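Asks: Here our numbering is used: the first residue of the sequence shown is 268, the next is one more, and so on. Before anything else, here's the structure in question.
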Amino acid sequence: MKKVTLAELKQLALLGKSNLWGLAQSLGRDVKLYLHWTAGHYGQFFSDYHINIDADGSIYISTSNLAEVKNHTYMRNTGAIGIALACAYNATTRNIGLEPPTAQQIESTAQVIAVLAGVLDLTIDRQRVMTHAEAADDDNYGPLTTCERWDLWYFDGADRGEGGNVIRGKANWYKNQGVGM
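Printed below as a string of structure tokens:
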């Protein structure tokens with residue numbers, strides 16, 4: 268893992284933009300950003316995700332090629348970037364655990380989305396930026412059905428089912444403030 272700044276992440280996105288769009292368009296869709304938590308400890312990162320965000324908001328990358336196909340979201344990895352918050356160890360749908368998403372992680376995630384959306388010409392909406400819980404609900408394995416995947420469905424400051432909306436709202440705010448431009 269390599270620690271990066273938002274400016275460095277912007278450069279990586281510029282380098283991967285053409286390949287990401289080519290992969291996404293081969294499937295007849297736009298580039299996607301999928302938001303996860305690792306279900307691990309703070310400071311514990313996984314190479315399944317392009318980007319890992321630590322408890323203090325620090326950003327780490329597992330690859331310098333954001334178009335690399337990683338195994339982060341079932342059947343949704345091509346032309347997509349996986350972003351994971353290092354948190355939620357032992358979380359359950361009723362108790363988010365002793366290592367919940369931190370406010371710094373949520374803010375950093377929103378800034379990462381703003382940077383990536385700006386470079387990749389993405390609208391920040393549910394169709395292009397979604398939590399694993401939202402993607403799982405679309406495929407009947409999320410919190411509204413079997414609850415196998417419920418990443419960022421809720422957290423401190425976001426009611427159940429509102430996690431994605433809160434993060435996208437913050438990301439749009441950062442984008443409108445010029446973050447990543």
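Beta carbons are placed, not taken as given, at the ideal position from N, Cα and C, and that holds for glycine. Quantities reported herein were computed from a predicted structural model and do not represent experimental measurements.
When you compare only the Cα positions, how much space is there between W304 and Q444?
Replies: Their Cα atoms are separated by approximately 26 Å.
Asks: Please state whether DSSP places N319 in a helix, a strand or coil.
Replies: strand
Asks: According to DSSP, is H399 helix, strand or coil?
Replies: helix
Asks: Excluding the 5 residues flanking R343 on each side, which residues of the same chain have their C-beta closer than 7 Å to its C-beta?
Replies: K299, Y301, A402
Asks: DSSP three-state label for W304, please.
Replies: strand
Asks: Could you pull the DSSP bridge partners for I348 from this structure?
Replies: Answer by DSSP bridge pairing, in chain order: L300.
Asks: Buried or exposed: which applies to D365, given that a residue is buried once 16 or more other Cβ atoms fall within 10 Å of its Cβ?
Replies: Here residue 365 is Leu; the residue named in the question, Asp, does not match the sequence. Exposed, because fewer than 16 other Cβ atoms sit within 10 Å of the Cβ of L365.
Asks: Quick one: what does DSSP say A425 is sitting in, helix, strand or coil?
Replies: strand
Asks: For a quick check, are the C-beta atoms of G447 and A377 less than 8 Å apart?
Replies: Not closer than 8 Å, so no.
Asks: If you run the structure through DSSP and keep just helix, strand and coil, what is A355?
Replies: strand
Asks: State the DSSP-derived secondary structure class of V433, mapped to helix, strand or coil.
Replies: V433 carries a helical assignment under DSSP once its states are collapsed to helix, strand and coil.
Asks: Taking its Cβ as the centre, do 16 or more other Cβ atoms sit within 10 Å of G409, making it buried, or is it exposed?
Replies: Annotation note: pLDDT 49 at G409 (below 50); position unreliable, coordinate value reported separately. With 16 or more other Cβ atoms within 10 Å, it is buried.
Asks: Using the three-state DSSP reduction, which class does Y327 fall into: helix, strand or coil?
Replies: In the three-state reduction of the DSSP assignment, Y327 falls in the strand class.
Asks: Could you check the C-alpha separation between L387 and G424 for me, to the nearest Å?
Replies: 28 Å
Asks: Could you pull out every residue in the same chain whose Cβ sits closer than 7 Å to the Cβ of N332, ignoring the five residues on either side in sequence?
Replies: Counting only Cβ-Cβ distances below 7 Å, and skipping sequence neighbours, we find G283.
Asks: Tell me, which residues are paired with V336 by DSSP?
Replies: According to DSSP, V336 bridges with nothing at all.
Asks: For Q372, count the other beta carbons within 10 Å of its own beta carbon; 16 or more makes it buried, fewer makes it exposed. Which is it?
Replies: Taking a 10 Å sphere around the C-beta of Q372, we find 16 or more other C-beta atoms and assign the residue as buried.
Asks: Taking DSSP's pairing of strands, which residues face V271 in a bridge?
Replies: I326
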